[in-house]
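Below is one structure, written out as structure tokens, with a few remarks after it.
Protein chains: 2
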Amino acid sequence: MSGALRQRCKYQPYLSKVCSAKDTIPHFKNGQYIGWSGFTPVGDPKVVPIALAEYVEQNNLQGKMRFNLFIGASSGTYNEDRWAKNDMIAVRYPYQNSGNLRTRVNSGTAKFADKHLSMFPQDLAWGFYSKERNGGIDIAIIEASEILEDGSIVLTGAVGTAVEMCHIADKIIIELNTAVPSFKGCHDIVEPWIPPGKPLNITAPQDRIGSLSMKIDPSKVVAVVESTAIFPGRAIKGADNDSRAIAGHIVDFFQNEVKHGRLPENLYPLQSGVGNIANAVVDGLSDSPFGNLTVYTEVLQEAMLPMFDSGKLKFSSSTSMTLSKWDKFYNNFDFYKNKIVLRPQAVSNSPEVIRRLGVIAMNTPVEADMYGHANSTLAGGTRLVNGLGGSGDFERNGYLSIMHCPSARKTKTDPTGISCIIPMCSHIDHTEHDLDVLVTEQGLADLRGLCPVDRARLVIEKCAHPSYKDQLTDYLNMAIKDCQPKARGHEPHILEKVFKMHANLLKNQTMHLNSW
Amino acid sequence: MSGALRQRCKYQPYLSKVCSAKDTIPHFKNGQYIGWSGFTPVGDPKVVPIALAEYVEQNNLQGKMRFNLFIGASSGTYNEDRWAKNDMIAVRYPYQNSGNLRTRVNSGTAKFADKHLSMFPQDLAWGFYSKERNGGIDIAIIEASEILEDGSIVLTGAVGTAVEMCHIADKIIIELNTAVPSFKGCHDIVEPWIPPGKPLNITAPQDRIGSLSMKIDPSKVVAVVESTAIFPGRAIKGADNDSRAIAGHIVDFFQNEVKHGRLPENLYPLQSGVGNIANAVVDGLSDSPFGNLTVYTEVLQEAMLPMFDSGKLKFSSSTSMTLSKWDKFYNNFDFYKNKIVLRPQAVSNSPEVIRRLGVIAMNTPVEADMYGHANSTLAGGTRLVNGLGGSGDFERNGYLSIMHCPSARKTKTDPTGISCIIPMCSHIDHTEHDLDVLVTEQGLADLRGLCPVDRARLVIEKCAHPSYKDQLTDYLNMAIKDCQPKARGHEPHILEKVFKMHANLLKNQTMHLNSW
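Which chain is which? The protein sequence lines are A and B, in order.
Quick note, the first sequence lines up with residues 1 to 516 if you use the numbering used here.
Quick note, the second sequence lines up with residues 517 to 1032 if you use the numbering used here.
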């Protein structure tokens, strides 16, 4: 037992549970329901999943130790890739970002479903995903940065669904990570609930309604394992011209909204998805006249740290923080600690709080259609990319619901072979009733107050890649002509042709058609 | 001025504004933004809209007096049909139930868009639908049952968006209806807000957080018109065998949930859509062992009155009440008044409250697909039926999200020519991420915790009409075979064939195919 562990574990009875990762293996049986702490991809347990993977590999148990695996969102791809390779994941909820798991899911050899990230913890706690065992899960594996005198757990850089998991787990395994600082002071832990719940009394991103540590039933703790594992952060691609153009359109739009009194000068709290467009948007805001900004989001991003430094950003609330490099954060821990709070995802993504605060939601879809529906999950309508994440929580409930994507993406043979603006999304995660503004590098379409046909004209005009504008307009005109004289054209479509661009892509690697 | 009006109008300064409906006509100009009180179809103004329609008809102003018309949901079809016939509706938000307007919308001669009913009032108040005039509306026409000493308004049988409309209108016209009793005591009026709002401190359907009357700026009131108009209530068809079977499956399901501890014995507050299936479900609950029930919904329905009488139903919260006959309610007003509350639709449909209370949501879609998406608005993907209503507010946020429909509907040539279970919805208002349970007269599919392919198998097995089961299974197997070997089959589809059943319906009046 290291001195570091002794220092971090202030609850004496747990010291008798200290063991190696390998010692935890007998707790695990094929078919169990397992929860990991962590969220996209921070705060997940590391050494116990590694030990289990090694055990499976060394004993040729591939396909014979399969688990129902629940994690708040994605986890470190290192472990999830390895588990998927070893066929250790039978079922996975509610989001993933692992190449191997994705292949299994898309091949039908692992079961996956995505769910709004605000709802996943409550549905898990209410037993909806483990009806066969009448609710609960077998084991929660939780990464901690400190254990307090009362046996409660201080998590690391994410909260996710850890609270609910510990609440319903038969056994808890703690990975106490002594290679990261204690995150005490960063969290605002709210207990799970069954209806009727209480109001979440948050009226500003910095409001706290919970506690600094996660209370658990100490009798459930079967092992405390020291970990010094740090997985490399996720690298973010630099902003390209397209994402800078998108950011520019959004900043212009905000300025116009402020001018007309529909937004205050420091805007409303911002939510921004993960990825290079999202980072470019944050960069764009960084260079904008807007100040005193706040963030109410699910993942605190890389690009936000410099905004704390410059004073542009006052406060951030999230459930997780994704940095590619952690040194700067750790070295200035006391400075940043007062500017952030990490909450359970049931709270960070709560419709109640998002709507009350008037959050400005910004997310990137796979594709969006001319009427304002968006596909966030399934390329070509069938192939899982990552999952829904919190996009539905924020887009549905935000004061302004913005989605941004490039107007087109390349294929092997056509630099604009995939139009991100199509007649109908091949899969729909967000409906026309949930989108206010669509942005590409071409321009911004403000869809508020418009009927479907007017939306379609504006989306084609402002957002479509020039090489697709005529093709999309032809479809729209054809559909109007087909439907409206028969009085069935509120949202005109020709269902036989509606996916012709997608079919052409599969066949000819381009959505550019010779004819409709 | 009638004695009844004098008695009901307790704010003296308004008496100088009393005039006939016809006298209000000069306030109205082509192109204005007009708001009506009311909600589905109660509480709407009657004599002023009639006077305007007569004015247009007598002066041949059809198409020359067109308005942007906002109403909480649908209104009495008598006036809306007449306005639509006279081409008096240029734009209409966010729901409608008028045959003439529907034809115009589907023909492209009136602009309509639907919106989640919880969001419509806030978006209207924030100026999203009247950006051209920098927010606000010109005139709000409000049906009142009493005017109190402070000039505040007691509404009639609905609240809807009346509060927000009066807040942002330049002028207010009050229709004081002396043919209905004063509804004082029925309402719980909450003021409009801009972010950040305050928590809606409702933790049970009977909790009140507002006031009994609607405060307005008296200087905006330009006319008080006496009305004695009562439109006939909407007749509800009696339950047929199919809807009774659906109700039976739902009651069985609830009993099983109670048995497994996932529901309390008096269930959670119920939301139920409008229509004969919804009424049959309420009837089914009436005959079930469940007691002490509560309702948190948008429309209090006909079938709920007998449940108050029998003591089965303790309390109902809604924004409106739709009765086909009002005599019983008026004759026992004091009895019922203590068992109901009517709230603004921003509160009755608030995601915050729906989620907190654990509402059980039950609504009828046009069609549902095998993966669990639902179409509530557009038949054949293009033709507006009525609109989205509050289905999204409740299905997204409910503790249990249930949708129910017949497995098939008839066409002229085939008694089961339309399958309500199809490979992919031709329009999507509710996604697979929002549906827990799908029910038809054939059976109930509990989709919680299932991946897409398992959902599809269960939906076909439990919910599809027997004459479509093989056809749907063939499609599913074909799609799996096409997608999964290529590792793009998380949710298998063949986009070229996915709407073949819909296309066949248009061509041959049946979804029964000869072959795929």
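Backbone N, C-alpha and C fix where the C-beta goes; we use that ideal spot for every residue, glycine too.
DSSP bridge partner residues for residue i (one or two, in chain order)
i         : result
B:Gly676  : B:Pro860
A:Ile172  : A:Ala140 and A:Val221
B:Val1059 : Here chain B covers residues 517 to 1032 and nothing more, so residue 1059 of chain B does not appear.
B:Ala895  : B:Arg899
A:Glu146  : A:Val154
B:Thr810  : B:Phe831
A:Met321  : A:Leu300
Cross-chain neighbours of residue i in chain B, by beta carbon under 9 Å
i        : result
A:Asn363 : Here the premise fails: no neighbours, minimum Cβ distance about 14 Å.
A:Pro121 : Here the premise fails: no neighbours, minimum Cβ distance about 12 Å.
CB contact flag (residue i, residue j, <9 Å)
i        : j        : result
B:Ile566 : B:Arg598 : yes
A:Leu200 : B:Pro712 : no
A:Ser288 : A:Ser310 : no
B:Glu691 : B:Lys562 : yes
A:Gly160 : A:Gly38  : yes
A:Met165 : A:Leu124 : yes
B:Lys855 : B:Phe806 : no
B:Leu916 : B:Thr719 : no
B:Val740 : B:Tyr530 : yes
A:Gly157 : A:Ser317 : no
B:Val882 : B:Thr893 : yes
A:Arg92  : A:Ile71  : yes
B:Leu954 : B:His920 : yes
Partner residues on chain B for residue i, Cβ-Cβ distance less than 8 Å
i        : result
A:Tyr475 : Here the premise fails: no neighbours, minimum Cβ distance about 13 Å.
A:Tyr399 : Trp642 and Pro711
A:Glu57  : Those within 8 Å of A:Glu57 in chain B number zero; the least Cβ separation is about 23 Å.
A:His502 : Leu1011
A:Arg8   : Going along chain B, no residue has its Cβ under 8 Å from A:Arg8, so there is no contact; the nearest lies around 36 Å.
A:Lys314 : Per Cβ cutoff of 8 Å: no residues; A:Lys314 is ~14 Å from chain B at best.
Partner residues on chain A for residue i, Cβ-Cβ distance less than 7 Å
i         : result
B:Trp642  : Arg262
B:Pro867  : Pro351, Glu352, Arg355 and Asn397
B:Ala1003 : Thr103, Asn106 and Ser107
Interface partners of residue i on chain A, CB under 9 Å
i         : result
B:Leu960  : Result: empty, since nearest Cβ-Cβ is about 14 Å, beyond 9 Å.
B:Lys841  : Correct list: empty, because the minimum Cβ distance to chain A is about 33 Å.
B:Glu1007 : Thr377, Leu378, Gly381, Thr382, Arg383, Leu384 and His427
Under 7 Å from the C-beta of residue i: neighbouring residues of chain B
i        : result
A:Phe290 : In chain order: nothing, as chain B lies at least about 16 Å away.
A:Asn201 : Pro715
A:Asp114 : His949
Chain-ordered neighbours of residue i on chain A, where CB pairs are closer than 8 Å
i         : result
B:Gln1000 : Asn106, Ser107 and Gly108
B:Phe845  : Within 8 Å Cβ-Cβ: nothing; B:Phe845 doesn't reach chain A, min ~28 Å.
B:Ala720  : Pro196
7 Å Cβ cut-off: residues of chain E touching residue i
i        : result
A:Gly358 : Structure shown: chain E not included; protein chains present are A and B.
Is it true that the segment 526 to 541 of chain B meets the segment 723 to 730 of chain B, where meeting means three or more beta-carbon pairs spaced less than 8 Å apart? At 8 Å Cβ cutoff, the stretches do not touch.
Proximal residues, the segment 155 to 175 of chain A versus chain B, C-beta separation under 9 Å: Under the 9 Å Cβ criterion, the segment 155 to 175 of chain A contributes no residue.
Check whether the segment 437 to 450 of chain A touches the segment 958 to 965 of chain B, taking contact to mean three or more Cβ pairs, one atom from each stretch, closer than 8 Å. No, the segment 437 to 450 of chain A does not touch the segment 958 to 965 of chain B.
May I ask you to verify whether the segment 606 to 623 of chain B touches the segment 216 to 233 of chain A, counting CB pairs closer than 8 Å and requiring at least 3? No, the segment 606 to 623 of chain B does not touch the segment 216 to 233 of chain A.
Between the segment 773 to 789 of chain B and the segment 172 to 192 of chain A, can you find at least three pairs of beta-carbon atoms closer than 8 Å? No, they do not touch.
Which residues, taken in chain order from the segment 128 to 153 of chain A, show a beta carbon closer than 7 Å to some beta carbon of chain B? Shown in chain order are the members of the segment 128 to 153 of chain A whose Cβ falls below 7 Å from a Cβ of chain B: Phe128, Tyr129, Lys131 and Asn134.
Mind checking the segment 86 to 106 of chain A against chain B and listing, in chain order, the residues whose C-beta falls within less than 7 Å of any C-beta there? Cβ contacts with chain B come from Thr103, Val105 and Asn106.
Between the segment 902 to 910 of chain B and the segment 629 to 636 of chain B, do at least 3 Cβ pairs fall closer than 8 Å? Contact between the segment 902 to 910 of chain B and the segment 629 to 636 of chain B is present, because at least three Cβ pairs lie under 8 Å.
Any C-beta of chain A within less than 9 Å: which residues of the segment 965 to 976 of chain B qualify? Flagged, chain order: Gly965, Leu966, Cys967, Pro968, Val969, Asp970 and Arg971.
Near-chain A residues of the segment 542 to 556 of chain B - C-beta to any C-beta below 9 Å: Taking 9 Å as the Cβ-Cβ cut-off against chain A, none of the residues of the segment 542 to 556 of chain B qualify.
Contact residues within the segment 187 to 199 of chain A, judged by C-beta distance below 8 Å to chain B: Listed in sequence order: Ile194, Pro195, Pro196, Gly197, Lys198 and Pro199.
For the segment 926 to 937 of chain B, list every residue whose C-beta sits within 8 Å of some C-beta in chain A, in sequence order. Result list empty, no residue passes.
Between the segment 729 to 743 of chain B and the segment 648 to 667 of chain B, are three or more C-beta pairs nearer than 8 Å? The answer is yes - the segment 648 to 667 of chain B touches the segment 729 to 743 of chain B, with three or more Cβ pairs under 8 Å.
So if I threshold CB-CB distances at 9 Å, which residues from the segment 421 to 432 of chain A count as touching chain B? Considering only beta carbons, the part of the segment 421 to 432 of chain A lying closer than 9 Å to chain B consists of Met424, Cys425, Ser426, His427, Ile428, Asp429, His430, Thr431 and Glu432, in chain order.
In chain order, what residues of the segment 888 to 908 of chain B put their CB closer than 9 Å to some CB of chain A? Of all residues in the segment 888 to 908 of chain B, His889, Thr893, Leu894, Ala895, Gly896, Gly897, Thr898, Arg899, Leu900, Leu904 and Gly908 have a Cβ within less than 9 Å of some Cβ in chain A.
Relative to chain B, which residues along the segment 263 to 280 of chain A have a C-beta separation below 7 Å, given in chain order? Within the segment 263 to 280 of chain A, the residues whose Cβ lies closer than 7 Å to any Cβ of chain B are, in chain order, Tyr268.
Are the segment 370 to 385 of chain A and the segment 456 to 470 of chain A touching by the rule of at least three beta carbon pairs closer than 8 Å? The segment 456 to 470 of chain A and the segment 370 to 385 of chain A touch, with three or more beta-carbon pairs separated by less than 8 Å.
When the Cβ atoms of the segment 415 to 435 of chain A are set against those of the segment 487 to 504 of chain A, are three or more pairs found closer than 8 Å? Flag = yes, the segment 415 to 435 of chain A and the segment 487 to 504 of chain A touch.
Can you find at least 3 beta carbon pairs, one from the segment 291 to 303 of chain A and one from the segment 264 to 280 of chain A, that sit closer than 8 Å? Taking a cut-off of 8 Å for Cβ pairs, the segment 291 to 303 of chain A and the segment 264 to 280 of chain A touch, as three or more such pairs fall below it.
Using a beta-carbon distance cut-off of less than 7 Å, what residues from the segment 220 to 234 of chain A approach chain B? Going along the segment 220 to 234 of chain A in chain order, one finds no residue with a Cβ nearer than 7 Å to chain B.
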